[in-house]
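Asker: Chains as they are written, first to last, in this note's numbering: chain A, 714 to 1041; chain B, 714 to 1041; chain C, 714 to 1041; chain D, 714 to 1041.
Number of protein chains: 4
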Amino acid sequence: MNTFGTLFKVTLYGESHQEAIGCVIDGVLPGLKIDWELVQKDLLLRRPGAVGTTPRVEKDELHCTSGIFNGFTTGSPMHVMIKNENVISKDYSHLVSQPRPGHADFVAAKKYNGFHDYRGGGRFSGRLTTPIVVAGSIAKQMLPFEFSHELISIGDLKDMSLIDSYLKEITQQGDSVGGVIQVTVKNMLVGLGEPNFYKLDSMIGQMMFSIPAVKGVEIGTGFDGKTLRGSEFNDVYLDQEGHTKTNHSGGVSGGISNGNDLVVKVFIKPTSSIGKEQVSFNQEKDELTNFEVKGRHDVAIVRRAGIVLENALAIVLADLYLWNKVYQ
Amino acid sequence: MNTFGTLFKVTLYGESHQEAIGCVIDGVLPGLKIDWELVQKDLLLRRPGAVGTTPRVEKDELHCTSGIFNGFTTGSPMHVMIKNENVISKDYSHLVSQPRPGHADFVAAKKYNGFHDYRGGGRFSGRLTTPIVVAGSIAKQMLPFEFSHELISIGDLKDMSLIDSYLKEITQQGDSVGGVIQVTVKNMLVGLGEPNFYKLDSMIGQMMFSIPAVKGVEIGTGFDGKTLRGSEFNDVYLDQEGHTKTNHSGGVSGGISNGNDLVVKVFIKPTSSIGKEQVSFNQEKDELTNFEVKGRHDVAIVRRAGIVLENALAIVLADLYLWNKVYQ
Amino acid sequence: MNTFGTLFKVTLYGESHQEAIGCVIDGVLPGLKIDWELVQKDLLLRRPGAVGTTPRVEKDELHCTSGIFNGFTTGSPMHVMIKNENVISKDYSHLVSQPRPGHADFVAAKKYNGFHDYRGGGRFSGRLTTPIVVAGSIAKQMLPFEFSHELISIGDLKDMSLIDSYLKEITQQGDSVGGVIQVTVKNMLVGLGEPNFYKLDSMIGQMMFSIPAVKGVEIGTGFDGKTLRGSEFNDVYLDQEGHTKTNHSGGVSGGISNGNDLVVKVFIKPTSSIGKEQVSFNQEKDELTNFEVKGRHDVAIVRRAGIVLENALAIVLADLYLWNKVYQ
Amino acid sequence: MNTFGTLFKVTLYGESHQEAIGCVIDGVLPGLKIDWELVQKDLLLRRPGAVGTTPRVEKDELHCTSGIFNGFTTGSPMHVMIKNENVISKDYSHLVSQPRPGHADFVAAKKYNGFHDYRGGGRFSGRLTTPIVVAGSIAKQMLPFEFSHELISIGDLKDMSLIDSYLKEITQQGDSVGGVIQVTVKNMLVGLGEPNFYKLDSMIGQMMFSIPAVKGVEIGTGFDGKTLRGSEFNDVYLDQEGHTKTNHSGGVSGGISNGNDLVVKVFIKPTSSIGKEQVSFNQEKDELTNFEVKGRHDVAIVRRAGIVLENALAIVLADLYLWNKVYQ
């Protein structure tokens, strides 16, 4: 349940307000020199600070307790732990009776019979994406591909250069917005992906929807292609290496990478925690009541999610990259 | 690779033009009386016949060789086989040098070193969705939920009552269209889905992208929600059972079913095989050449895909339904 | 549950008295020319005929419905089906009230709430080892190793050249015997096996105990080594390739093949079905009663089990062989 | 590779001489009150101290960083970390050229291209059994069964009351011995185990051979039953609950627990590291040379292994116990 992958296997643990979160990364090839500064750089991209992001800032100090010897990976599982330090726990005690709209409070209480750790979202917290960033950053160092991501839309903002002032306005309204992030992978190999249920896009689908707040995933042109004809949507091959004129398929044919850029677009819903008063059902009082979500939160979590999605994609590719070696 | 699920496990086999296709369905609860007419009804929905669908019609006669005793499931794996009968194999020999745009010909040749069965798309053929329909139909009989699906858009057609004449026109143009299908599940239980990587939506993502031609998946409102504010997107709880006023989240909170209708929308790309002449790279001649895709194909495969997606979703729910019993 | 392996994946289905048994073999490398006569030869070794084996003889005609094109494997799953033809079903109806000692009748009824197919042992029948022989035979054709097996003890027989007359005697007594089989693999590679839980010996342990009637598994010298000292048991390395003077470790060090012969010894218990009258509890009468096990059975199933164990081992090695390619 | 189980999932990490070892335990039911003193008691049984055990004593202080809230399990993965403190690293640098007989040095160097951490056996060290003891101790607290283990033979010692003086003698000889441990589980339920490859005994086989130094596994009477007849080996049922007169089958019928005591016997080979001089091949000098294994080691690791095997068995049962709930 908390483990992803077949050959490159990532196991997560942790809850928002407990002692630590972390991951075990199994399947890293031996002999890889890990550049921890690259990992820290990725973590910085996830960390709050920009307009529209939460004031809870964690140092995210990494403890790698195993899997490295003389600076190189040993082939043994890497364990990376991150302590939860900036924790304020008193904010959350009321969530038992008043499940927040858009959050997992209600379902978690039902599923785990009331024993879940509800503080700060517990295991459902966005904080759990930190070890995903770490594992993905290691994955990228093992792969010959080139990763990037871009925020391509946010709320109803028309001009992306106005993003800071737009988010200030949303903050003042006590509201939140979502958006769409595009992750692109260049220098792809042909052949990654195992039919039927371990296709490249199947694994991307599984992984991306594992990231909190994701409510839509597209490969290539996606839903925007619904009005196109086949003669327009088909990507014409241009050479022996399979390069295509257009890339509506986003680099995936029949579930297998075709060597063109891998393009994945992901919809992040508006942050569920908003500043202004909401109405929702109170389970104890047995009636609809007004309430406010306390705690520190992001107005536009989508602003920090890009590196999470990019590195989540790297984990998928690491798994299928190792898998594809079987055929060589 | 060809097996989906943890407790309700479906293994597929078969290629379009070989002797048979089929599946092994492992994890069906013992003591279930299987209604094979319901399975046949589902298969009929997938079968061609309507305007815009292929003239290759298979009888789809099912051979269930194991797992049933005295009319009830035994708890042992069910094996269901379907023979490939209406096969014309001479159409496909040229695909080795001329990979078709939008198809898996190119990647399959690379990945399997030229040994793949390219006839009719081989293992990548939409024909492989037949055993998915069968397995999902069995899954639905094991589940207390109510499934349905609807074609909510097709190409650039504005008025869905004109679909037949629209597709006739597309056929005459020698072209194809895609569309969007919505699958809805009513009477859902609270609690299905296992964080982090086996969330309900993660499993839906994996499964839906396993279906050929799927290039986008949304849960609930999806990408259309990108311009909404959090105060609009949040689904307000109305009662103790977790019913909500709106259902932007599509019945999934924190990766777990919340008891509201499960709503999944899937984008099916325009059929890659089109009637009219195309240009693409010929690997043997080492140049761009004009060519036509021969064989029999669908102008709008999206018209037949609804039951595939519905039943694929049922397979996902069967797996997570059994899993959730662990907590009871 | 009915699927073994990670990269070379075998899924079994079938019950003794239903229409067919079979397997899906997923992960066979593309481009392999399958010699079906070798498969048939292996099946012959499993088939009854020798003194001490059952008179139920099946033709074991194989139907391979997918995964082969132009005589070579395609990389797509192979499905092999074998019909159950020589079935006499009237013998087994009394097993519901009178579970046979040593058989699964009692536990199956409890676990599957009485819905299991009890005829001929149902899914627990030794008949299910036929697809294991088939899958293992395919595995051996993919591997560069040399497999053999030997019956090294049977009952309390001292001189193995007297086996036929010994078993005639046991048959006349209406009794049965067990024995020990040794499987040896020569020309092993160094490096097969993944620590911790996918060690070569871990996978052998899982697989061997999956074969009906197996109640003990040893790697190398095994239990006989319990009186040896470390200075005797340690296998002294003799050269750069890791060849050792002795082979107490049976070719496995730290769970990884060390290049010496892989040696596995397996104890097969005496066949549970015996000719003479037994006493056991009758669940309907609620008392101990005398009864006889009807049907056709083996006096020494161990005589037919060698090829099953050999090929089961080949399945294990195929999986770990593919896995080890990841490191190359 | 480092993850065991389907529903109760244990992931190990760590190497003997790195910062820490530990495990992620996924699938613990929510609402369980963990008694850490019981865990510590189990760890004490594994810790050295008795005659014949190593002078490397670790405090084994446990850090549980997640999965517990208000003293109860949350249903989220538990992560337990144990620091490596009593580490002397200078002893092992010569192992690269001089692989020790009986150890994994040779195979690890080949498999991981020389990048493995060879200090103290690295990932192959018996130290990695500590998290198995921890995870098994948690598992036992979740299960209604009663576990125990017994050392039933050690070397060629006839009278087990003389064990201390026997091991002193072996120590003086600079040698080592192995032995046999029996694990017994009482109060078993009927029904644990999933045919075919997830049988109770299959899972036991996988798990037990995952423990370092294990070279043989038996269920019930095992190899000693090879001279028995079927009429003797068959366990006669005595009542409706399936209690049997004898227990040659060790509580497992057809791979499923039958409610009688589960009995597993495991052969632990003589400790490979011995005090006296040995001859083996030196890869650098390219010749056989005399050498001594330095470092601190056990003369009879079998003396400390009982709790490891007992708790390893508990992990297996926890997984199958949760699985069996699916049928209820």
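Quick reminder that beta carbons are idealized off the backbone N, C-alpha and C, glycines included.
Can you tell me the Cβ-Cβ gap for Leu864/C and Gly1019/C, rounded? I've got them flagged as a contact below 8 Å.
Answerer: Leu864/C to Gly1019/C, Cβ: 6 Å. Contact.
Asker: Can you list, in chain order, the residues of the stretch 1015 to 1037 of chain A whose Cβ is nearer than 8 Å to any Cβ on chain C?
Answerer: Within the stretch 1015 to 1037 of chain A, the qualifying residues are Leu1035, Trp1036.
Asker: Please compile the residues from chain D whose C-beta is within a distance smaller than 9 Å of the C-beta of Val1039/B.
Answerer: Under the 9 Å cutoff, chain D gives Leu720, Gly740, Leu742, Leu1035, Trp1036, Lys1038, Val1039.
Asker: How many whole angstroms separate the CB atoms of Thr787/B and Asp818/C, which I take to be in contact at a CB cut-off of 8 Å?
Answerer: Not really, about 14 Å apart at Cβ, beyond 8 Å.
Asker: Can you have a look at Gln1041/B and say buried or exposed, based on whether 16 or more other CB atoms are within 10 angstroms of its CB?
Answerer: It counts as exposed.
Asker: Beta carbon of Cys736/B, beta carbon of Thr724/B: below 8 Å?
Answerer: Their beta carbons are under 8 Å apart, which means Cys736/B touches Thr724/B by this criterion.
Asker: Within the continuous beta strand (DSSP E) that includes Thr778/D, where are the two ends?
Answerer: 775 to 779 is the extent of the beta strand (DSSP E) around Thr778/D.
Asker: Under 8 Å Cβ-Cβ, which residues of chain A neighbour Asn971/B?
Answerer: What Asn971/B touches in chain A: Phe819, Val820.
Asker: Just tell me which of Phe860/C, Glu1000/C, Arg836/C has its CA closest to the CA of Gly955/D.
Answerer: Of Phe860/C, Glu1000/C, Arg836/C, the residue nearest in Cα terms is Glu1000/C.
Asker: The alpha helix (DSSP H) that contains Thr843/C, what's its start and end?
Answerer: From DSSP, the alpha helix (DSSP H) with Thr843/C extends over 842 to 855.
Asker: Check the DSSP bridge columns for Tyr950/A and list the partner residues they point to.
Answerer: According to DSSP, which records beta bridges pairwise, Tyr950/A is partnered with Thr957/A.
Asker: Listed from N- to C-terminal order along the chain, which residues in the stretch 898 to 916 of chain C have their beta-carbon within a distance smaller than 9 Å of any beta-carbon of chain B?
Answerer: Answer set for the stretch 898 to 916 of chain C: empty.
Asker: In chain order, which beta strand (DSSP E) runs of at least 3 residues are fully inside the stretch 972 to 1004 of chain D?
Answerer: Segments of the beta strand (DSSP E) lying fully in the stretch 972 to 1004 of chain D: 975 to 981, 991 to 995, 1000 to 1004.
Asker: Using 8 Å as the limit for Cβ to Cβ distance, is Gly815/B near chain C?
Answerer: No, its Cβ sits nowhere closer than 8 Å to a Cβ of chain C.
Asker: DSSP has Met794/D in a bridge; who is on the other side?
Answerer: Met794/D is bridged to Gly735/D, His776/D.
Asker: When we look at the beta-carbon of Pro812/B and count the other beta-carbons within 10 Å, is it buried (16 or more) or exposed?
Answerer: Buried is the call here.
Asker: One question on the structure: do Ser915/B and Ser923/A come within less than 8 Å of each other, judged by their Cβ atoms?
Answerer: Against a cut-off of 8 Å, the Cβ pair of Ser923/A and Ser915/B comes out as a contact.
Asker: Can you tell me whether Tyr1015/A is helix, strand or coil according to DSSP?
Answerer: Per the sequence presented here, residue 1015/A reads as Val, with Tyr not at that position. Correct three-state label for Val1015/A: helix.
Asker: Within the continuous alpha helix (DSSP H) that includes Lys823/D, where are the two ends?
Answerer: Where Lys823/D is concerned, the enclosing alpha helix (DSSP H) stretches over 818 to 824.
Asker: Return yes when the Cβ of Ala821/A is within less than 8 Å of the Cβ of Leu1042/A, no when it is not.
Answerer: Summary: the structure shown does not reach residue 1042/A, with chain A confined to residues 714 through 1041, and so no result is reported for it.
Asker: Measure how close the beta-carbons of Val949/A and Thr940/A come, nearest whole angstrom, since I'm counting them as under 8 Å.
Answerer: Not really, about 20 Å apart at Cβ, beyond 8 Å.
Asker: Can you have a look at Pro908/B and say buried or exposed, based on whether 16 or more other CB atoms are within 10 angstroms of its CB?
Answerer: Flag for Pro908/B reads buried.
Asker: Please report the residue range of the alpha helix (DSSP H) in which Ser915/D lies.
Answerer: Where Ser915/D is concerned, the enclosing alpha helix (DSSP H) stretches over 913 to 923.
Asker: If you drop the 5 nearest sequence neighbours on each side, which residues of the same chain put their C-beta closer than 6 Å to that of Thr959/C?
Answerer: Counting only Cβ-Cβ distances below 6 Å, and skipping sequence neighbours, we find Asp948.
Asker: Determine, using beta-carbon pairs with one atom in the stretch 771 to 780 of chain B and one in the stretch 888 to 895 of chain B, whether at least three such pairs fall under 8 Å.
Answerer: They do not touch, by the three-pair rule.
Asker: Ends of the beta strand (DSSP E) at Leu864/D?
Answerer: Here the beta strand (DSSP E) through Leu864/D covers 859 to 867.
Asker: So, helix, strand or coil for Ile876/C, using DSSP?
Answerer: The answer is helix: DSSP assigns Ile876/C an H, G or I state.
Asker: Of the choices Leu870/D, Glu728/D, Ser806/D, Gly943/D, whose alpha-carbon is the least far from that of Glu798/D?
Answerer: When only C-alpha atoms are compared, the closest one is Glu728/D.
Asker: So, using beta-carbon positions, are Met901/A and Leu841/A closer together than 8 Å?
Answerer: Taking 8 Å as the Cβ cut-off, Met901/A and Leu841/A do not qualify as a contacting pair.
Asker: Quick check on the DSSP output: the alpha helix (DSSP H) that includes Leu745/D runs from which residue to which?
Answerer: Element bounds for Leu745/D: n/a, residue is neither H nor E.
Asker: Please name the residue, chosen from Leu913/B, Val992/B, Val1039/B, that lies closest to Asp952/A on a Cα-to-Cα basis.
Answerer: Among Leu913/B, Val992/B, Val1039/B, the Cα nearest to that of Asp952/A is on Val992/B.
Asker: Taking a Cβ distance cut-off of 7 Å, strictly less, list which residues of the stretch 978 to 990 of chain B are near chain A, in chain order.
Answerer: Residues passing the 7 Å Cβ filter: Phe980, Lys982, Pro983, Thr984, Ser985, Ile987, Lys989.
Asker: Of all the options Ile987/C, Gly943/C, Gly906/C, which has the alpha carbon lying nearest to the alpha carbon of Asn1037/C?
Answerer: Nearest C-alpha to Asn1037/C: Gly906/C.
Asker: Would Ser789/A and Gly839/D be called neighbours here (beta carbons separated by less than 8 Å)?
Answerer: Against a cut-off of 8 Å, the Cβ pair of Gly839/D and Ser789/A comes out as no contact.
Asker: Put Lys881/B into one of helix, strand or coil per three-state DSSP.
Answerer: Three-state DSSP puts Lys881/B in a helix.
Asker: Identify the continuous beta strand (DSSP E) that holds Leu941/B and give its terminal residues.
Answerer: Segment: none, Leu941/B is in no beta strand (DSSP E) and carries neither H nor E.
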